[in-house]
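Structure first, commentary second.
Residue numbers (the numbering used here): 15 to 102.
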């Protein structure tokens with residue numbers, strides 16, 4: 015959700031407010047589409063081929079999504095820290 019809000023805020027000149035409402039809206043649309051089609055597609059893959067094929071497809075999907083992530087973040091540091099170490 016944070017990435018959607020930050021992206022909308024960076025293009026905020028044509029948005030009213032700060033983009034939170036549109037960010038939540040787009041997040042919910044994507045979540046709903048995934049909730050609807052994800053189990054259907056996964057079930058079809060398992061029925062047609064096997065669980066191993068489903069794992070292979072999900073691995074490819076995870077690998078392919080790295081490219082849009084890099085493209086949309088443009089290599090910028092978002093300031094989000096994943097570890098708890100102090101760098102002072």
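For glycine and all other residues, C-beta sits at the position ideal for the given N, C-alpha and C.
Measuring straight from C-alpha to C-alpha, what distance separates residue i and residue j?
i, j, result
"residue 74", "residue 67", "11 Å"
"residue 40", "residue 63", "33 Å"
"residue 83", "residue 72", "17 Å"
"residue 78", "residue 70", "12 Å"
"residue 58", "residue 48", "15 Å"
"residue 56", "residue 42", "21 Å"
"residue 54", "residue 85", "29 Å"
"residue 61", "residue 87", "37 Å"
Decide if residue i is buried, meaning its Cβ has at least 16 other Cβ atoms within 10 Å, or exposed.
i, result
"residue 37", "buried"
Where does residue i sit, in a helix, a strand or coil, going by DSSP?
i, result
"residue 63", "coil"
"residue 79", "coil"
Once the 5 residues before and after residue i are set aside, which same chain residues still bring their CB inside 8 Å of it?
i, result
"residue 76", "none"
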